Amino acid sequence: MIQFEEVSKQFGAQILLDQTSFTIHKGERCGLLGRNGHGKTTLLRLLSGEDEADAGDIRLPRQYRIGYLKQHLEFSKESVLEEVMQALPKEQQEENYRAERVLSGLGMSDEMIHGSVNALSGGYQLRVHLAKILVSDVDLLLLDEPTNYLDLPAIRWLSRFLQRWQGEMLLISHDRDFVDQVCTHILGIHRQKVWKLKGTTEKYYQYLLETEELHEKTRENLDKKRAHLQSFVDRFGAKSSKATQAKSKAKALERMGSLEKLAHIDNLDFSFKHEEFPGQVMLQANHVAFAYEGQDRLVEDLHLAIEKKERMAIIGKNGRGKSTILRLLAGDLSPKSGLIKSADKLRIGYFGQTNIDRLCADSSVEEEIAAANPDLSRTEVRGICGLMFFDGDKAEKKVSVLSGGERSRVLLGKILASSVNLLLLDEPTNHLDMESIEALIEALEHFPGAVILVTHSELMLRRLAKKLLLCKHEDQKVFVGSYDDFLEKIGWDDGEERSSKKAKSDSKQDRRTRAEMVQQRSRVLKPLQRKMDKLEETIIKQEEKLSAYEEEMVQAATDGEGEKLQKLSIKIDAQRNLIEEQYSELEKLADELHEKEQEFS
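This note's numbering puts the first residue of the sequence shown at 1, with every later residue one more than the last.
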């Protein structure tokens with residue numbers, strides 16, 4: 001069991017954690033959520049011992065082993081396989097198949113596995129580091145954005161691996177689908193506290209919303225009551241006939257608690273300017289081929305027509321030309337053969353690493369965004385700066401001093417400043433937190449123009465893509481349909497079994513066997529179903545009780561009953577914990593029922 005007790009941590013004037021407490025129990029896999037800069041990585045560093053708390057206690061079991069995925073890499077062996085094998089437990093260090101299996105699952109070829117680790121790109125070196133952690137015999141995994149630099153097949157393999165992880169885990173990821181797939185619990189850093197609950201990211205955000213709404217409603221009622229009492233004391237405190245009542249009201253004021261108004265938390269706001277496109281076909285690629293100097297062809301005979309309102313994702317393993325195709329479409333690269341034809345009224349907004357690298361280091365944030373559209377007033381430019389979290393003096397910061405994430409926001413700001421009808425987006429969610437990603441997806445859903453994107457987020461693929469460009473080796477083919485249609489009909493060939501329909505049999509023996517199975521199924525499943533039904537009824541009653549407590553709390557705030565407020569707050573916390581435990585029990589019963597149903601299917 002891992003325990004944080006009244007832990008505080010700050011850097012300069014910024015408080016990240018303020019007397020926060022939580023516990024991670026054996027076998028819990030926790031997704032760590034929170035805004036960028038609110039302390040997620042700091043919390044991992046506190047757990048790993050790389051940083052120390054300013055106050056409070058962090059308690060770990062004795063001889064507890066931790067595997068921490070971080071960005072600083074050090075290697076001591078020449079070959080990839082040897083580097084990973086040394087992380088195996090001593091008694092298993094001759095079992096190279098385990099290391100090979102994990103490296104292969106993370107998308108590394110046999111040539112890479114048996115090659116030099118120093119010859120790999122930074123992204124593949126991170127995969128080697130991740131593989132070392134996954135094969136090591138640790139109790140706790142600390143994973144900071146493990147899906148960065150992974151392609152979709154590797155992410156899907158990692159998801160299945162982590163779902164089978166028997167130890168504890170703390171995971172930072174901006175990919176909501178990935179967190180929901182692999183985590184049993186959510187830890188959220190919000191307003192300098194850590195909140196914990198069992199369930200999905202959706203459940204966590206809904207809980208935060210309800211908690212803050214209740215806080216504000218209670219605070220408003222409390223403020224009204226205080227104002228009423230203060231008014232009475234001010235008016236009648238000096239009158240002898242009302243002196244006793246005034247003193248009583250004054251004492252009531254002293255006893256009343258107070259709640260602070262919750263500070264507003266800004267969100268990134270995406271509102272793309274749309275330039276109307278008069279025709280139907282915006283961009284065409286005919287017989288396009290491309291290869292980088294001295295390398296094999298990456299794109300071969302590409303045919304593509306992009307129409308207005310298109311929603312297409314380019315998918316494939318890393319190194320198959322996804323970003324290259326976007327650069328060709330954007331005019332950032334010229335084809336070696338073939339033709340890319342743009343319509344006269346086409347206006348492109350291109351987000352890619354090459355564009356980020358081309359930002360002028362000597363320019364300020366405001367100057368860079370203003371350069372994207374000379375027709376904008378300074379007020380409009382400053383407004384866009386603010387939407388990208390560069391408000392006030394931050395808009396005067398030079399690009400040269402910005403972090404990678406801040407430069408990405410500058411480029412997004414430049415696109416927001418421009419009137420466009422085609423968005424070409426290469427991994428736009430890198431450096432964004434979950435709240436910002438959701439805001440971006442919603443903006444893209446409502447964008448009237450066309451969107452072509454490269455992303456490793458299955459959430460974005462499911463929400464946005466209506467068509468896919470599949471990149472396999474140098475071959476590119478268009479698939480018409482959703483991402484789920486692709487998984488069902490083609491798939492990634494990543495070892496995941498796809499469902500197949502079983503043939504029906506009409507023989508008398510089969511019918512008799514099925515009848516016996518139905519009877520046995522009924523004997524096994526009905527008691528479980530009855531337990532679930534009874535527990536569901538109990539949960540409904542407990543939730544009604546919780547609602548009653550919350551209504552009492554609002555009334556107590558209105559009446560200025562500070563002591564009652566404190567007691568009700570304790571009752572509400574206890575009631576929520578009870579309901580959470582009952583939901584956990586219900587989920588266990590549902591899992592058991594599902595397993596039994598599988599036995600009879």
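Here a beta-carbon is modelled for each residue, glycine too, at the ideal position from N, C-alpha and C.
Computed from a predicted structure; not experimentally measured.
8 Å Cβ cutoff met for residue i and residue j
i	j	result
residue 485	residue 323	no
residue 464	residue 444	yes
residue 467	residue 525	no
residue 51	residue 8	no
residue 413	residue 385	yes
residue 147	residue 177	no
residue 27	residue 166	yes
residue 6	residue 39	no
residue 4	residue 194	yes
residue 268	residue 152	no
residue 566	residue 535	no
residue 188	residue 33	yes
residue 401	residue 368	no
DSSP beta-bridge partners of residue i
i	result
residue 395	Paired residues: none, contrary to the question.
residue 66	140
residue 34	Paired residues: none, contrary to the question.
residue 419	273
residue 195	188
residue 454	426
residue 312	452, 467
residue 289	337
residue 550	In DSSP, residue 550 forms no bridge with anything.
residue 57	5
residue 350	424
residue 389	Partner(s): none; residue 389 has no beta bridge.
residue 172	32, 144
residue 342	283
For residue i, the three-state DSSP class (helix, strand or coil)
i	result
residue 157	helix
residue 603	Here the chain comprises residues numbered 1 to 601, so residue 603 is not present and cannot be evaluated.
residue 305	strand
residue 17	strand
residue 10	strand
residue 326	helix
residue 132	helix
residue 116	strand
residue 413	helix
residue 284	strand
residue 402	coil
residue 178	helix
residue 91	helix
residue 568	helix
residue 98	helix
residue 23	strand
residue 29	strand
residue 145	coil
residue 584	helix
residue 376	coil
residue 121	coil
residue 214	helix
residue 440	helix
residue 152	helix
residue 434	helix
residue 74	coil
For residue j and residue i, believed in contact at Cβ under 8 Å, the rounded distance
i	j	result
residue 185	residue 197	7 Å
residue 605	residue 138	Limits of the chain in this structure are 1 at one end and 601 at the other, which puts residue 605 out of reach.
residue 169	residue 162	7 Å
residue 546	residue 314	The pair is not a contact, with the Cβ atoms about 48 Å apart (cut-off 8 Å).
residue 283	residue 306	4 Å
residue 351	residue 308	The Cβ separation is near 19 Å, so there is no contact.
residue 408	residue 430	7 Å
Proximity test, Cβ basis, 8 Å: residue i and chain D
i	result
residue 204	Judged by its chain identifiers, the structure shown contains no chain D, having just a single protein chain.
Evaluate the contact criterion for the region 357 to 367 versus the region 323 to 342: three or more CB pairs, one atom per stretch, below 8 Å.
No: the two stretches stay apart, fewer than three of their Cβ pairs being nearer than 8 Å.
Touching by the beta-carbon criterion (3+ pairs, under 8 Å), the region 415 to 422 and the region 271 to 289:
Output reads yes: the region 271 to 289 touches the region 415 to 422.
Is the region 62 to 78 close to the region 211 to 218, with three or more CB pairs under 8 Å?
Result no; under three Cβ-Cβ pairs closer than 8 Å.
Is the region 102 to 111 touching the region 128 to 140 in the sense that three or more CB pairs, one from each, lie closer than 8 Å?
Yes, they touch.
Counting Cβ pairs closer than 8 Å, one from the region 81 to 97 and one from the region 41 to 54, do we hit at least three?
No, the region 81 to 97 is not in contact with the region 41 to 54.
Are the region 438 to 452 and the region 306 to 325 in contact at 8 Å, needing three or more beta carbon pairs?
In short, these stretches touch, since the Cβ pair count reaches three.
Examine the Cβ distances between the region 289 to 309 and the region 469 to 482 and report whether three or more of them are shorter than 8 Å.
By the criterion of at least three beta-carbon pairs nearer than 8 Å, the region 289 to 309 is in contact with the region 469 to 482.
Check whether the region 73 to 83 touches the region 116 to 126, taking contact to mean three or more Cβ pairs, one atom from each stretch, closer than 8 Å.
Short answer: they touch.
For the region 564 to 577 against the region 530 to 546, are there 3 or more C-beta pairs whose distance is under 8 Å?
As far as the Cβ criterion goes, the region 564 to 577 touches the region 530 to 546, which means the pair count is three or higher.
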